[in-house]
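Asks: Can you read through this structure? Questions will come right after.
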Amino acid sequence: MNKALVIGGNSGIGSAICQRFTDADYNVYGTVRDANLSLEFTDGLFVLDLTDTESFNRFCKDIESVGAFDAVIFNAGIIEPQPFGEYESINIDNMFCVNTLSPLKLLNKLVKAELIQNTGKVVFVGSIASVVSKPTSVGYSASKSALVGAIKALSLSLAEHGILVNMVSPGPTKTAMLDKNLSPQQQQEIINTIPLKRLARPEEVAQAVYFMGSEMNTYITGQNIILDGGFTSR
-2 MNKALVIGGN SGIGSAICQR FTDADYNVYG TVRDANLSLE FTDGLFVLDL TDTESFNRFC
58 KDIESVGAFD AVIFNAGIIE PQPFGEYESI NIDNMFCVNT LSPLKLLNKL VKAELIQNTG
118 KVVFVGSIAS VVSKPTSVGY SASKSALVGA IKALSLSLAE HGILVNMVSP GPTKTAMLDK
178 NLSPQQQQEI INTIPLKRLA RPEEVAQAVY FMGSEMNTYI TGQNIILDGG FTSR
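Mapping of the sequence shown onto our numbering: position 127 corresponds to residue 124, and the numbering continues sequentially without gaps.
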């Protein structure tokens, strides 16, 4: 049976990704940052704090017991919006650590330990902030844009192993986190800027991630797939 690893599986999108791969009869292993959290739709659960070196090293050791994965999904991410000029260095450091540097370091470990199958798939969940931005998102856009360059180089580097590397970049998505951070009025203002006149659903993002990360994808690599209801087409 095929195996999938979902880094950051407890969010709305992460949970939907776990469910989608489970529905396709994958054995799914997921990570959470907090040991008190649980995950549905997974065969194994690991605690992983991408900002903590000890947690990172422990996970790299523990994951070896599972064996090689057919799909590895990097979904963990943080955003700390703030006007430029008011950033504390720690804000930018944290965003780059979680969104960019730690995922790349982890992928390097997985490849080196042969924990990704030849012909396996790697998918990063990015953001439309990699192609468009706003004044308070300098650090977030920079961290996600860096991944666009990274997947291009990774697709070339890992092609000899038949490993395909891509990114799926959703626009605003209807999750509990969005509801927590934005009022209904603020959400409607965003919806008014989207040609399809609605937010993305986590299941739609998961479907795109599944396609790129499953056996359905046989030739697409090095691409940033934008899933935004037409927002960036304006």
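All C-beta atoms in this analysis are idealised placements derived from N, C-alpha and C, irrespective of residue type, glycine included. Owing to the predicted nature of the structure, the values given are computational and were not obtained by experimental measurement.
With Ile14 and Ile125 assumed to form a contact (beta carbons below 8 Å), what rounded beta-carbon distance in angstroms separates them?
Replies: Their Cβ separation, rounded to whole angstroms, is 18 Å, which puts Ile14 and Ile125 out of contact at 8 Å.
Asks: Alpha carbon to alpha carbon, how far is Gly159 from Ile89? Give it in angstroms, no decimals.
Replies: Approximately 34 Å, taken between the alpha carbons.
Asks: Taking Gly41 and Val63 to be in contact with their CB atoms under 8 Å, please state how far apart those CB atoms are, rounded to whole angstroms.
Replies: Yes, they are in contact, since the Cβ atoms of Gly41 and Val63 sit about 7 Å apart, within 8 Å.
Asks: Measure the beta-carbon distance from Val95 to Ile75 and round it to whole angstroms, keeping in mind my assumption that it falls under 8 Å.
Replies: 5 Å between Cβ atoms; contact.
Asks: Identify whether Gln93 lies in helix, strand or coil by the three-state DSSP scheme.
Replies: In the sequence as displayed, the identity of residue 93 is Phe instead of Gln. Looking at Phe93 - three-state DSSP - the assignment turns out to be helix.
Asks: I'd like to check one pair, Ala65 with Leu112: are the Cβ atoms closer than 7 Å?
Replies: Cβ distance < 7 Å, so Leu112 and Ala65 count as in contact.
Asks: Extract the residue ranges of the beta strand (DSSP E) inside the stretch 160 to 224, only unbroken runs of 3 or more that lie entirely within it.
Replies: Within the stretch 160 to 224, the complete beta strand (DSSP E) runs of at least 3 residues are 161 to 167, 221 to 224.
Asks: For Gln114, name the three-state secondary structure that DSSP assigns.
Replies: In this structure, Gln114 counts as strand in the three-state DSSP scheme.
Asks: Looking at the structure shown, is Lys131 part of a helix, part of a strand, or coil, going by DSSP?
Replies: Lys131: coil per DSSP, three-state reduction.
Asks: Measure the alpha-carbon distance for Thr133 versus Thr116 and round it to whole angstroms.
Replies: Distance between the alpha carbons of Thr133 and Thr116: 39 Å.
Asks: So for Leu34, helix, strand or coil by DSSP?
Replies: The answer is coil: DSSP assigns Leu34 none of H, G, I, E or B.
Asks: Based on the DSSP secondary-structure assignment, which residues constitute the bridge partners of Ile4?
Replies: Paired residue(s): Phe71.
Asks: Okay, do the stretch 185 to 192 and the stretch 150 to 157 touch, 3+ Cβ pairs below 8 Å being the bar?
Replies: No, the stretch 185 to 192 is not in contact with the stretch 150 to 157.
Asks: Could you give the DSSP three-state label for Val63: helix, strand or coil?
Replies: If DSSP states are grouped into helix, strand and coil, Val63 belongs with coil.
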